[in-house]
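Participant: As numbered in this note's numbering, residues 5 to 486 make up the sequence shown, in order. Think of the CB as a built atom: it goes at the ideal place given N, C-alpha and C, for glycine as much as any other residue. Keep in mind the model is a prediction, meaning the values are calculated, not measured.
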Amino acid sequence: MCLLPTHDRSRLRAPCSPSRGRLRRRPRDAVFAVLSLRRRVLPVERRTREGCVSAPGRHSCRGRRVRCRRSRVRRTCRQDVARARNTRGGDAVVRRRARDRDVARARGDRARAARPMIVVVFGTTGELIKLAPVLLRFDERRHEYLLATTGQQVQQIPPFLEQFGLRQPDVWLARGARGRDLRVNRDIPGWLVDVARAGVRQRPRLRAAFRDGPGRPLVLVHGDTMTTVVGATMGRALRVPVAHIEGGLRSYDVRHPFPEELNRRLASSLSRIDYAPGAWAASNLRGSHVVDTGSNTIRDSLELVPDGDPPLDLPEKPFGVVSLHRFELLNSRALLTETLEALAEAARRTPLLFVDHPVTVAAIERFRLQRLFDGRTFVPVARLRFFDFVRVVRRSSFVITDSGGSQEECFYLDLPCLVHRVRTERREGLGENVVLSGMQTDVVRDFLADPSRYRRLTPLPTASPSDVIVDDLERRGFAAAR
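1) Leaving out the 5 sequence neighbours to the left and right, which residues in its chain are closer than 6 Å to residue 304 when beta-carbon positions are compared?
2) Compute the distance between the beta-carbons of residue 236 and residue 275, then report whether it is under 8 Å.
3) Cα separation between residue 151 and residue 254?
4) Just to confirm my understanding: we take residue 363, look at its own chain, exclude 5 residues before and 5 after, and list those with CB closer than 7 Å. What are they?
5) Could you pull out every residue in the same chain whose Cβ sits closer than 8 Å to the Cβ of residue 340, ignoring the five residues on either side in sequence?
6) The beta strand (DSSP E) that contains residue 513, what's its start and end?
7) Suppose you measure from the CA of residue 247 to the CA of residue 346; what does that come to, to the nearest Å?
8) Do residue 342 and residue 466 have their C-beta atoms closer together than 8 Å?
9) Taking residue 425 as the reference, give the member of 157, 376, 404, 415 with the closest Cα.
10) Could you give the DSSP three-state label for residue 335: helix, strand or coil?
11) Determine the DSSP secondary structure at residue 165, reduced to helix, strand or coil.
12) Starting from residue 357, trace the beta strand (DSSP E) in both directions and tell me its first and last residue.
13) For residue 398, which residues in the same chain have their Cβ closer than 7 Å to its Cβ, ignoring the five residues on either side in sequence?
14) Put residue 341 into one of helix, strand or coil per three-state DSSP.
15) Can you list, in chain order, the residues of its chain with a C-beta nearer than 7 Å to that of residue 267? Leave out the 5 residues immediately preceding and following it.
16) Looking at residue 402 and residue 324, is the spacing between their C-beta atoms short of 8 Å?
17) Would the beta-carbon of residue 127 fall within 8 Å of that of residue 409?
18) In the structure shown, what three-state DSSP assignment does residue 262 receive?
19) Apart from the five residues on each side of it in sequence, which residues of its chain come closer than 8 Å, Cβ to Cβ, to residue 474?
20) Within 10 angstroms of the Cβ of residue 241, are there 16 or more other Cβ atoms? Answer buried if so, exposed if not.
21) Taking buried to mean at least 16 other C-beta atoms within 10 Å of its own C-beta, is residue 479 buried or exposed?
22) Do you know offhand how far residue 239's Cα is from residue 381's?
23) On the DSSP bridge assignment, give the partners of residue 122 in chain order.
24) Report the residue from 201, 377, 226, 460 whose alpha carbon sits nearest the alpha carbon of residue 438.
25) Under 7 Å Cβ to Cβ from residue 352, same chain only, skipping five residues before and after it: list those, please.
26) Tell me whether residue 261 is buried or exposed, calling it buried when 16 or more other Cβ atoms sit within 10 Å of its Cβ.
27) When burial is assigned at 16 or more other CB atoms within 10 Å of the CB, is residue 406 buried or exposed?
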């Protein structure tokens, strides 16, 4: 193999080596020459003797031990002792990231070497519903992004993506618990192990995506789930900035709700950019990278739902919708029994549709409370997709829920809503059309006596929160066209 003499600077110019971690710092001058052969950085040495040109890394004369500036002893050629201090030895170790970047620059491909992209990490349908309008705007503006999911609700994610007209995930970090949705706490450890293993396997692919895509590198997460923390941790491990949508929400009580409140605080500490859904949420965050989007992206998600008939027969108005699934209610037999008895009593006057969440059905069967449903006025209904559920809610007169997302939906739809929780981290509608029960059955009965008295008073902002987020990402250089 014929190699060029690396001391000939006219034939091969040493590029600038990158700053550590690909951070935006001043590049350091390389102290060694780079030979762009088979994507390798080869060791080089200088020859001062006239006519002595050999392959890099080989010595034609006998070596001896010399002492360098830092009192290290190394072996080199007698002829090259004076010049060997600025060259790399034959056993030098070159990190892969620096090696690839140097070779890319030596080939003149500097633009390609610094063109990363956005990786969107999600795991539940709740995250997906609120991320959908942002992803659709990425598609409309031809911004490059990669979808990575942890598969917390692996069975529901594909149909939800199809319903919103989005592509299927590019990376599956896990597929739930043995191919099904996570339902109980004992499913979580195995799922976390699968996510960690997949994260290690997918690390080269994600690095390549960051390197080859347009725009600056970014990991985008949403909400307060376990996937939110996993995605933010992944971004920090990959040494890229993390943006958190729906940041700044606080209940100021780690126990209520748990672990969502803890997840929110961890995500805020790991993220560089926070998109807060209102002035109150923004006031809970510190730093110069806090963006007030004015409202929650669920507002844009509701606008994506077209008018149509729901897939079930609805009772005549007025009727209500009940959606309860939180473990703080389902783990207490006494509290769940009192709540269902109050609902069954109110259903004699106003029909109620009770959404059958899998975890809720399991708790009702465990405590043998099926007797409270008569099938005529207090009716269990199968869990619906987002579009169908919104169509049912639009036709209802009020909603009883323990979901923060449903609370926001009722605020934007101007529907009376009872939030059956001890505390809530969301301020939408409180004191207007939303009532917080504090897990008190008397508050539930009082709300059901006349729900129509609770209505929204605050006008909605004119700006779209999804547009605010995408515009800000474009301004910062994170979103770029294909």
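Facilitator: Taking the structure as given:
1) 137, 468, 470
2) yes
3) 27 Å
4) 187, 329, 334
5) 333, 334, 367, 368, 371, 373
6) This structure gives no information on residue 513, because the portion of the chain shown stretches from 5 to 486.
7) 43 Å
8) no
9) 404
10) coil
11) helix
12) 356 to 360
13) 417
14) helix
15) 228, 229, 230, 232, 233
16) yes
17) no
18) coil
19) 138, 141, 142, 145, 147, 483
20) exposed
21) exposed
22) 49 Å
23) 149, 222
24) 460
25) 381
26) buried
27) buried
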